[in-house]
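> Numbering (this note's numbering), first residue to last: 78 to 217. Just so you know, even glycine gets a beta-carbon here, dropped at the ideal spot from N, CA and C.
(1) So residue 142 and residue 125 are in contact, right, with Cβ under 8 angstroms, and what is the actual spacing, rounded?
(2) Between the stretch 127 to 134 and the stretch 90 to 104, can you find at least three pairs of beta-carbon atoms closer than 8 angstroms?
(3) Counting only C-beta atoms, is residue 142 closer than 8 angstroms to chain C at any point?
(4) Using three-state DSSP, classify residue 186 as helix, strand or coil.
(5) Take residue 144 as the anchor and find which of 155, 151, 85 and 107 has the nearest alpha-carbon.
(6) Per DSSP, residue 177 is paired with what?
(7) Which same chain residues end up closer than 6 angstroms to residue 156 when comparing Cβ atoms and leaving out the 5 residues on each side of it in sequence?
(8) If you run the structure through DSSP and keep just helix, strand and coil, what is residue 160?
(9) Can you name the start and end residues of the beta strand (DSSP E) that residue 121 belongs to?
(10) Is it buried or exposed, residue 93, if we count other Cβ atoms within 10 angstroms and call 16 or more buried?
(11) Is it right to say residue 82 is buried, meaning 16 or more other beta carbons lie within 10 angstroms of its own, or is it exposed?
(12) What residue range does the beta strand (DSSP E) around residue 116 cover?
(13) Assuming residue 111 and residue 160 make a contact with CB atoms under 8 angstroms, what is their CB distance in whole Å?
(14) Ordered along the chain, which non-local residues of its own chain (more than five positions away) have a Cβ less than 8 angstroms from that of residue 72?
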């Protein structure tokens with residue numbers, strides 16, 4: 078609480094080849110600016126996408142869409158989300174912090190992968206914050 082930035086590292090469970098991330102930005106205290114990085118070891122991260130502006134979803138019980146951020150196929154076991162500029166701070170929000178609704182990574186089906194690997198996992202990670210609401214997906 079009272080923070081102006083936050084980072085979260087997701088462990089996909091094993092090395093996976095991913096090419097997109099869907100984000101349901103938390104409606105009550107979501108992300109204003111997002112940078113994505115990946116890692117094989119959880120220590121050394123490489124920038125993947127930066128300067129992303131997820132949708133500032135309205136508060137309430139209204140179902141909202143996901144933002145889908147696509148990128149070239151990348152091998153990774155860890156994905157870091159660096160978040161800042163929380164839109165609710167200064168806009169009447171009551172929680173001066175950051176929360177994530179849900180995230181989902183898409184396993185790549187491309188043959189043009191950066192490393193030969195066996196695809197063993199479709200990585201799915203979700204955090205609380207409205208996970209029970211049914212949501213649709215839109216392309217960003």
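In brief:
(1) Position 65 of the chain shown, counting from 1, holds the residue named residue 142. Position 48 of the chain shown, counting from 1, holds the residue named residue 125. Rounded to the nearest angstrom, the Cβ distance from residue 142 to residue 125 is 22 angstroms, too far for a contact under 8 angstroms.
(2) Three or more Cβ pairs closer than 8 angstroms define a contact, and the stretch 90 to 104 meets that threshold against the stretch 127 to 134.
(3) The chain labelled as chain C is not found in the depicted structure, where only one protein chain is given.
(4) The sequence position of residue 186 within the chain shown is 109, counting from 1. Three-state DSSP puts residue 186 in coil, outside helix and strand.
(5) If you number the chain shown from 1, residue 144 lands on position 67. Nearest C-alpha to residue 144: 107.
(6) Walking along the chain shown from the start, residue 177 turns up at place 100. In DSSP, residue 177 forms a bridge with 102.
(7) Along the chain shown, one-based indexing puts residue 156 at 79. For residue 156, where only same-chain residues beyond five positions count, the Cβ hits under 6 angstroms are 87 and 115.
(8) Indexing the chain shown from 1 puts residue 160 at position 83. Reduced to three states, the DSSP call for residue 160 is strand.
(9) To locate residue 121, count along the chain shown from 1; it is residue 44. Neither: residue 121 is in no beta strand (DSSP E) and is coded neither H nor E.
(10) Position 16 of the chain shown, counted from the start, is the residue given in the question as residue 93. The C-beta of residue 93 has 16 or more other C-beta atoms within 10 Å across all chains shown, which makes the residue buried.
(11) Your numbering for residue 82 matches position 5 in the chain shown. Exposed, because fewer than 16 other Cβ atoms sit within 10 Å of the Cβ of residue 82.
(12) As a first step, residue 116 must be located in the chain shown, where it is residue number 39. Element bounds for residue 116: 110 to 116.
(13) One-based indexing of the chain shown puts residue 111 at position 34. One-based indexing of the chain shown puts residue 160 at position 83. At roughly 6 angstroms, the Cβ-Cβ gap stays under 8 angstroms, so residue 111 and residue 160 are in contact.
(14) Missing from the structure shown is residue 72; the chain here goes from 78 to 217 and no further.
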